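Under our numbering, the sequence shown has 84 at position 83, and the numbering climbs by one with no breaks. Inspection log for the structure reproduced underneath, given as structure tokens.
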Amino acid sequence: MTKEKSCGAVIYKIVDNIPYFLIQKMSFGHISLCKGHMEENETEIETAKREILEETSLEVEIDINFKETITYSPKEGVIKDVVFFIATPIDKNKEAFDEHDDEVVESNFYQYEEAYSLLTYEADKNVLEKAYKYLLENNKI
2 MTKEKSCGAV IYKIVDNIPY FLIQKMSFGH ISLCKGHMEE NETEIETAKR
52 EILEETSLEV EIDINFKETI TYSPKEGVIK DVVFFIATPI DKNKEAFDEH
102 DDEVVESNFY QYEEAYSLLT YEADKNVLEK AYKYLLENNK I
């Protein structure tokens, strides 16, 4: 059994007191949260920041007090762990996602309900829901 690990984040920003969450349409056809494979000698935080920058051109601040791991099998003989944090863009006004890797077709911010409904996989929906509750409970949104 091969083990893989990816890291990413539920990325949010506040506009006019309303939280918006970043959702990505991927080239494989699914809609997902931002994440990517760990490289050798990287920490989970370093991976999340690098992948977010590569996929969205956003530099983010990571909230390490939220950490959620999902595990699934993307193909036969492979088990994958994906570690999610919460992140917010350092530049709150940045909208353009013109610099991204080939895996990402489109990245946009949506209000919670729409973001939740757009996600393809139940595991991603669960992570978004837990992140949303965390943000509410800690008065971040």
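A virtual CB, placed ideally from N, CA and C, is assigned to each residue, including glycine. All values reported here derive from a predicted model rather than from experimental measurement.
- Within the DSSP bridge table, the entry for L23 names F110 as partners.
- If you draw a 10 Å sphere on the C-beta of K36, you find 16 or more other C-beta atoms in it, and that means buried.
- Assignment of K134 by DSSP, reduced to helix, strand and coil, places it in the helix class.
- DSSP lists V61 as the beta-bridge partner residues of P90.
- Distances from the alpha-carbon of E107 to those of I24, Y133, I12 and S7 put I24 closest.
- Residue pairing of H38 in beta bridges, as defined by DSSP: S7.
- Looking only at T44, F85 and F22, the smallest Cα-Cα distance to G9 is reached by F85.
- Between T121 and I32, the CB-CB gap stays under 7 Å.
- Excluding residues up to 5 positions away in sequence, V61 and I63 lie with their Cβ nearer than 7 Å to the Cβ of K50 in the same chain.
- When I19, N42, Y133 and I80 are compared, the shortest CA-CA separation from T3 is found for I80.
- Under the three-state reduction of DSSP, I46 is assigned to helix.
- A direct Cα-Cα distance of roughly 23 Å separates N18 from K126.
- The beta carbon of Y73 sits closer than 7 Å to the beta carbons of K81 and A124 from its chain, once the five residues preceding and following it are set aside; these are given in chain order.
- With contacts defined as CB atoms closer than 7 Å, P90 and L54 fail to qualify as a contacting pair.
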